[in-house]
Structure formats: C-alpha cells, structure tokens
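Residue numbers (UniProt numbering): 1 to 203.
This is how it looks when you write it as structure tokens:
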C-alpha cells in the first residue's frame with residue numbers, strides 16, 4: 001500500500017481561507033511540496049475562471065517557476081465547491097484541471113506519477129470542526145481519480161494526514177479577517193500588484 005500523504009497546517013489554512021472568502025463560489029488551487037508525500041503549501045488559482053484554459057495555463061506556468069525557486073514542486077490540486085454543495089467524487093471539469101496540474105508538474109521536471117487531488121467541504125472549514133471535510137484522490141490503476149483518504153465527519157482515515165491543529169488555526173485567522181486577504185490569480189490578473197503567493201497570509 002502506498003504511504004501517507006501529509007498536508008501541512010499552512011497548506012490547509014490557505015485552501016480553507018480561499019474557500020471561506022468566496023462562500024457562494026467554487027474555488028481551486030495548486031498544491032506544492034518537496035515530495036508527493038509532503039504537501040507544504042497551497043497556491044489559490046481561481047474562483048471564477050475554471051473554464052478559461054489560457055489563463056489557467058499562464059497561472060500554472062508561474063506557479064511551477066515559483067515552486068522551482070522555493071525548491072518545491074507541483075504535487076497536486078485542490079477544489080472546494082460552493083458551501084452547501086457536497087462532493088463525493090471528482091467532477092469532470094475538476095478532473096481536467098487535475099490533469100493540467102499533472103502536465104504542469106511534468107513540464108517543470110517534476111514527478112507527476114503521485115499527484116494528489118483534494119476536495120474540500122467548505123461548510124466544515126467554516127465550522128472549525130475537528131474533521132476537516134477533506135477527501136484525498138489519487139490516480140488509480142485505470143488512470144481515474146480514486147479516493148485514497150478521508151478527513152470528513154467520521155474523522156481521518158486512509159492515506160491523508162493533516163499536521164498541527166488547523167481547524168483552530170483557521171478559526172483564529174477568520175477572527176482576524178485574514179480570509180479577506182487571500183489573493184488568487186483572478187485577483188492578480190485584475191490587479192498585478194496583488195501577490196498570488198500570499199506569503200504573509202499565515203505569518
């Protein structure tokens with residue numbers, strides 16, 4: 001059996017805050033790490049432009065260059081539907097974006113064989129529940145996305161583990177309105193002064 005996939009509290013916080021900033025919209029982003037087993041960061045990608053392929057390609061190219069500079073690589077993709085909508089499988093468009101992340105990892109010289117896809121239940125991110133509402137999907141033998149770990153209402157199971165106490169951390173960030181400071185590429189393309197790296201978001 002393949003080993004655990006560890007998600008840092010920084011990575012979880014960024015993707016959860018991204019979803020909480022846009023409660024009525026689906027959001028997505030890219031996962032970075034030093035290996036596929038160690039997801040250390042998340043880069044918010046979009047909250048409106050899922051189907052705009054040229055913009056997505058530009059963003060993925062910039063993210064891949066940033067990852068290389070920070071000695072990381074693209075190791076996955078995350079997606080959160082609008083609050084109130086719960087997913088139990090990977091929607092076709094999200095699967096295509098996952099494939100785009102795989103291609104970006106390959107283009108930047110990374111190993112695309114272990115790319116992960118995380119689905120987030122944004123309702124649970126808002127509630128600060130101990131079970132984080134995260135599902136881990138990986139490429140199965142038939143090259144379809146297969147659930148390999150769950151951190152949902154029943155607690156953690158399978159290959160997914162999350163470091164620290166991210167639920168309480170996200171609660172404290174929301175109290176400070178940090179979710180309003182999240183910048184994704186939709187924001188960046190409207191105003192290039194806005195930093196999509198979100199370096200200070202969890203400081």
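Even for Gly, the Cβ is constructed at its ideal location relative to N, Cα and C.
A quick note: this is a predicted structure, and the numbers were derived from the prediction, not measured.
Note on geometry: alpha-carbon atoms of residue 43 and residue 95 lie some 18 Å from one another.
Secondary structure at residue 22: coil, using DSSP grouped into helix, strand and coil.
Checking the DSSP bridge columns, you'll see residue 38 partnered with 6, 35. Partner residues in the beta bridge of residue 78, as assigned by DSSP, are 29, 118. Straight-line spacing of the CA atoms in residue 194 and residue 90 works out to 30 Å. Only residues of its own chain outside the window of five on either side were considered, and among them 5, 136, 149, 151 have a CB closer than 6 Å to the CB of residue 160, listed in chain order. Selection 74, 87, 47, 36 evaluated against residue 133 yields 87 as nearest (Cα-Cα). In this structure, residue 138 lies near residue 116, with their beta-carbon atoms less than 7 Å apart. DSSP, reduced to helix, strand and coil, places residue 139 within a strand of the structure shown. The continuous beta strand (DSSP E) containing residue 160 extends over residues 160-162. Contiguous beta strand (DSSP E) elements confined to the segment 160-191 occur at 160-162, taking only those with 3 or more residues. Within the same chain, 37 come within 6 Å of residue 3 by CB-CB distance, once the 5 residues on both sides are set aside. For residue 97, the uninterrupted alpha helix (DSSP H) segment begins and ends at 92-107. The Cβ neighbour count for residue 203, taken over all protein chains shown within 10 Å, is under 16; the residue is labelled exposed.
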